[in-house]
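Going down the list, the sequences are from chains V and W.
When we follow the working numbering, the leftmost residue of the first sequence carries the number 16, and every step to the right adds one.
When we follow the working numbering, the leftmost residue of the second sequence carries the number 16, and every step to the right adds one.
There are 2 protein chains.
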Amino acid sequence: MTDTRYELYYWPGIQGRGEFVRLAFEDAGVPYVDVARRPETEGGGMAAMQRFLSGEAKGLRPFAPPFLVYGDLVMAQTALILQWLGPRIGLAPEDEAGRLAVHQIQLTITDFAAEIHDVHHPIAASLYYEDQKTEALRRATHLVKERFPKYLGWFESVLGKGGGPWFCGERIATADLSMFQVLSGLEYAFPKAMKRLEPKLPGLRALRDRVAARPGIAAYLASDRRIPFNKHGLFRHYPELDA
Amino acid sequence: MTDTRYELYYWPGIQGRGEFVRLAFEDAGVPYVDVARRPETEGGGMAAMQRFLSGEAKGLRPFAPPFLVYGDLVMAQTALILQWLGPRIGLAPEDEAGRLAVHQIQLTITDFAAEIHDVHHPIAASLYYEDQKTEALRRATHLVKERFPKYLGWFESVLGKGGGPWFCGERIATADLSMFQVLSGLEYAFPKAMKRLEPKLPGLRALRDRVAARPGIAAYLASDRRIPFNKHGLFRHYPELDA
């Protein structure tokens, strides 16, 4: 009898990119271990994660969290994890074109997330926000005016073309859950900008509400497993960037 | 009899992200049509690309070039294209762990490429470099000092662990060709920084030389199909950023 567990490794204090993977497990009701949030005395904590990042542990050394360990497989990159995981937990289309579409949407979410992150870190991830605030203010204007409509408009149109209610039609996939996360994060970080954009995004608003109402997600959001948004993650609410 | 062709769509005047796909076809000796570089009178040019970007053409509307069309499939995102293409043209490992590793390396190259691009566009892609040069100078210091060693050190260590000569051992894959492209681009854009880093990257230097000597690649680099590096692409040589 094998005892292979899904082990997710991610920074314990933030939603960040790990949240896209957490949402998939939570929606599917599939058990997983959120390793770095477990006590060190039980093999968890940052020490466990560090062994993989330093290359001491098994498998391909991840460049950065999140990474997923399943038996001998160690895989990093959020979109890759979800592409591998989706079909195994009932969150992927059956056909090739559908799976390519889901991965393409997920990778576009990855790009969008990086741009959203970089608005508070336009110079370097190693500097505090306060040390690059002038540049952040300048970048935010372009992000909100140019990139939000471009990305969100694309997601809205892809959703509309699919015939709904999900990106790939009748069957929910990992990218739908990730889209919910992006919308939730943007509403937290850029409430004013999102209020202005929302009328143009009826499909995405409906998707967000449908995801939030799914039993696994609703239970998760109400639990203490859901880390609140904060000023250390991907989505940060700095009112001056949401003018 | 089917007549399905590989049709690559990318901006005609730059290497950019399209180059990662071009290198795969060129190494494999597999015919492809570089559509936007063909005359409009033969169904090429920007007009052909625009029909897909506007959603008028078949398939999932790409968010941005490059995208690949094969029959009814339309796929965007460089890493996705290469993941789909690799096994079809003999540029992928046979086993699951190997394929996951190649995709993970490719996605890390995607991240690195975005950071390299953003050094000359730290505020917005819609602004000229000259209009964000102050910020670019500041970002370049961190990119060169912090991110180059981190990314290149990771690629070097992954290459070393694989047993060589390629990332996944005996068999070359798309990620090896993409790594060559990154190294070539960095040597063009940041010759001083790369000169300092090179002694620490013996594996990557050897990989670069081995790729350049492969018959398909050598012929391609000597041909006019290889667009020279220039100041419109991903890798740009601004001496002030390579201080």
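Even glycine gets a Cβ: it sits at the ideal position worked out from N, Cα and C.
Those residues which DSSP pairs with residue i across a bridge
i, result
"F262 of chain V", "A query on residue 262 of chain V cannot be resolved here, the shown segment of chain V reaching from 16 to 258 and no further."
"V48 of chain V", "V:E22"
"W5 of chain V", "Residue 5 of chain V lies beyond the range of chain V shown here (16 to 258); nothing can be said about it."
Cut-off 7 Å between Cβ atoms - residues of its own chain near residue i, not counting five sequence neighbours on either side
i, result
"G70 of chain W", "R76"
"F170 of chain V", "M194 and L219"
"F163 of chain V", "A208 and L212"
"R114 of chain W", "A107 and P108"
"A62 of chain W", "E55"
"E255 of chain W", "L152"
"M73 of chain V", "A quick correction: the sequence has Lys, not Met, at residue 73 of chain V. Excluding residues within five positions, the ones whose Cβ falls inside 7 Å are D87 and V89."
"G168 of chain W", "none"
"P80 of chain W", "Y24, Y25, W26, G33 and M64"
"T93 of chain W", "R32, F35, V36, P81 and T125"
"Y229 of chain W", "For clarity, residue 229 of chain W is Arg in the given sequence; the question names Tyr instead. Same-chain partners within the cutoff: D42."
"L198 of chain W", "L219 and R223"
Element boundaries [alpha helix (DSSP H), containing residue i]
i, result
"A140 of chain V", "That residue, A140 of chain V, is in no alpha helix (DSSP H); it is neither H nor E in DSSP."
"I29 of chain V", "Element bounds for I29 of chain V: n/a, residue is neither H nor E."
"R220 of chain W", "P217 to A227"
"P164 of chain V", "F163 to K176"
"S199 of chain V", "T189 to A204"
"A237 of chain V", "Taken as a continuous stretch (DSSP letters only), A237 of chain V belongs to no alpha helix (DSSP H), as it is neither H nor E."
"V159 of chain W", "It is not in any alpha helix (DSSP H) - V159 of chain W carries neither H nor E in the DSSP assignment."
"D42 of chain W", "G33 to A43"
"L66 of chain V", "In the sequence as displayed, the identity of residue 66 of chain V is Arg instead of Leu. Taken as a continuous stretch (DSSP letters only), the alpha helix (DSSP H) holding R66 of chain V covers G60 to L68."
Same chain, Cβ closer than 6 Å to residue i, neighbours up to 5 away in sequence not counted
i, result
"G144 of chain V", "A small correction: the amino acid at residue 144 of chain V is Tyr; Gly does not occupy that position in the sequence shown. Within the same chain, Y144 of chain V has close Cβ partners H135."
"A204 of chain W", "F250, R251 and H252"
"V159 of chain W", "A208"
"W181 of chain W", "I187 and D191"
"M16 of chain V", "For M16 of chain V, the pLDDT reaches just 43, beneath the cut-off of 50, and the residue's location in the model is therefore unreliable, leaving the point undetermined."
"R154 of chain V", "V134 and P137"
"V45 of chain V", "I104"
"A227 of chain W", "none"
"D257 of chain V", "F205, K207 and A208"
"E161 of chain W", "none"
"L201 of chain W", "M209"
"T189 of chain W", "A39, L97, G101 and L106"
Beta-carbon proximity list for residue i, same chain, < 8 Å, skipping 5 on both sides
i, result
"E213 of chain W", "R220"
"L142 of chain V", "H136"
"R240 of chain W", "R37, E41 and D49"
"E22 of chain W", "Y47, V48, V50, L83, V84 and Y85"
"R66 of chain V", "A72"
"R20 of chain W", "P46, Y47, V48 and Y85"
"A43 of chain V", "I104, G105, L106 and G231"
Heavy atom of the ligand SAH within 8 Å of residue i beta-carbon
i, result
"W99 of chain V", "This structure lacks the ligand SAH; in fact it carries no ligand of any kind."
Open item on the list: Three Cβ pairs or more, each shorter than 8 Å: is that satisfied between the region 99-107 of chain W and the region 31-49 of chain W?
Closed with: The answer is yes - the region 31-49 of chain W touches the region 99-107 of chain W, with three or more Cβ pairs under 8 Å.
Open item on the list: Count Cβ pairs between the region 20-27 of chain W and the region 48-58 of chain W that sit closer than 8 Å; are there 3 or more?
Closed with: yes
Task: contact_flag[the region 167-181 of chain W, the region 214-224 of chain W] where n(CB pairs < 8 Å) is 3 or more - done: Three or more Cβ pairs drawn from the region 167-181 of chain W and the region 214-224 of chain W lie within less than 8 Å of each other, which places the two stretches in contact.
Task: Segment contact flag, the region 126-135 of chain V with the region 241-250 of chain V, C-beta cutoff 8 Å, min 3 pairs - done: yes
Task: the region 117-125 of chain W in contact with the region 85-98 of chain W per 3-pair CB rule at 8 Å - done: Yes, they touch.
TODO: Note down, one range per segment and in chain order, each alpha helix (DSSP H) of at least 4 residues found wholly within the region 96-120 of chain W.
DONE: none
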